[in-house]
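There are 2 protein chains.
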Amino acid sequence: MEKIVEQALLYDFYGELLTDHQKQVYEDVVFNDLSLSEVAEDRGISRQGVHDMIKRCNRILQDYEEKLGLVEKFVKTQEKVQEIHRLTQEYRKTEDKELVFKIEEISAQISRL
Amino acid sequence: MEKIVEQALLYDFYGELLTDHQKQVYEDVVFNDLSLSEVAEDRGISRQGVHDMIKRCNRILQDYEEKLGLVEKFVKTQEKVQEIHRLTQEYRKTEDKELVFKIEEISAQISRL
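Those sequence lines, one after another, are chains U and X.
In terms of this note's numbering, the first sequence opens at residue 31 and continues consecutively.
In terms of this note's numbering, the second sequence opens at residue 31 and continues consecutively.
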């Protein structure tokens with residue numbers, strides 16, 4: 031997975047467990063593309079402080095994922111849903127009823143994730 | 031939702047964020063149905079200590095859910111998957127192709143959860 035997508039997913043799932051201050055700095059640097067120096071000036075902390083905070087936030091988010099694995103589960107669910115979508119599209123064209131049985135199987139797989 | 035089911039789901043999602051000690055006591059009382067006194071004796075703590083720990087663990091798990099809402103999301107996903115399952119079963123009987131379009135809609139709903 032691309033690093034920025036992975037960071038966005040991790041933040042999406044676990045961001046609420048960071049402090050407000052951490053969230054603001056993290057969003058500015060990672061999602062709003064501000065430079066470390068800009069953020070440092072805005073927040074009245076050192077450039078190194080911003081750098082350390084981002085590193086620390088990444089570690090915190092990664093630790094939650096290692097314990098809970100919810101991003102991985104989410105990605106797998108999305109893949110299965112995409113598969114169902116693909117099968118329904120194919121059904122539109124072919125009306126092959128075997129496809130519906132495949133859909134059934136995949137929905138069972140989702141419920142076991 | 032039944033309280034024990036809710037506790038089980040909360041524990042399933044966020045249990046790894048408790049300490050090992052908290053996990054052991056929580057499992058003994060909530061899932062293994064041991065009495066507070068039994069667990070207190072096993073662990074060498076007071077009965078009140080066990081009681082407080084369970085209360086505190088419930089609070090911690092509930093706080094994570096309030097911040098992250100992953101149990102709620104999981105329950106909704108499961109409901110949608112059940113709906114897909116029901117529709118595929120109905121399709122088996124009727125071969126009504128409209129049902130497949132409904133399935134498509136529901137899978138799109140899952141991916142937006």
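Even for Gly, the Cβ is constructed at its ideal location relative to N, Cα and C.
Beta-carbon separation (whole angstroms), residue i vs residue j, contact threshold 8 Å
| i | j | result |
| --- | --- | --- |
| K110 (chain X) | I136 (chain X) | 5 Å |
| Y94 (chain U) | L47 (chain U) | 6 Å |
| V130 (chain U) | L39 (chain U) | Their Cβ separation, rounded to whole angstroms, is 31 Å, which puts V130 (chain U) and L39 (chain U) out of contact at 8 Å. |
| Q108 (chain X) | S67 (chain U) | Their Cβ separation, rounded to whole angstroms, is 47 Å, which puts Q108 (chain X) and S67 (chain U) out of contact at 8 Å. |
| Y121 (chain U) | L91 (chain U) | Not quite, the Cβ-Cβ distance comes to about 39 Å (not below 8 Å), so this is no contact. |
| Y41 (chain U) | I84 (chain U) | Not really, about 11 Å apart at Cβ, beyond 8 Å. |
| Q14 (chain X) | C87 (chain X) | What the structure shows of chain X is the stretch from 31 to 143, and residue 14 (chain X) is not part of that stretch, so it cannot be assessed. |
| L143 (chain U) | K97 (chain U) | Their Cβ separation, rounded to whole angstroms, is 17 Å, which puts L143 (chain U) and K97 (chain U) out of contact at 8 Å. |
Partner residues on chain X for residue i, Cβ-Cβ distance less than 7 Å
| i | result |
| --- | --- |
| V111 (chain U) | S137, I140, S141 |
| V130 (chain U) | T118, Y121, V130 |
| K127 (chain U) | E125 |
| E134 (chain U) | H115, T118 |
Residue i burial status per 10 Å Cβ neighbour count (16 or more: buried)
| i | result |
| --- | --- |
| T49 (chain X) | exposed |
| V105 (chain X) | exposed |
| D126 (chain X) | exposed |
| T118 (chain U) | buried |
| I34 (chain U) | exposed |
| D58 (chain X) | buried |
| M31 (chain U) | exposed |
| Q78 (chain X) | exposed |
| F61 (chain X) | exposed |
| Q112 (chain U) | exposed |
Under 8 Å by beta carbon: chain U residues contacting residue i
| i | result |
| --- | --- |
| K97 (chain X) | E46, L47 |
### Task
Quick one: which unbroken alpha helix (DSSP H) runs of 4-plus residues sit fully inside the region 58 to 114 of chain U? Chain order, please.
66 to 73, 77 to 98
#### Entry: Residues within the region 71 to 103 of chain U neighbouring chain X, beta-carbon criterion of under 7 Å
K97, L98, L100
### Message
Can you pull out the residues from the region 36 to 66 of chain X whose beta carbon lies closer than 8 Å to at least one beta carbon of chain U?
### Response
F43, Y44, E46, L47
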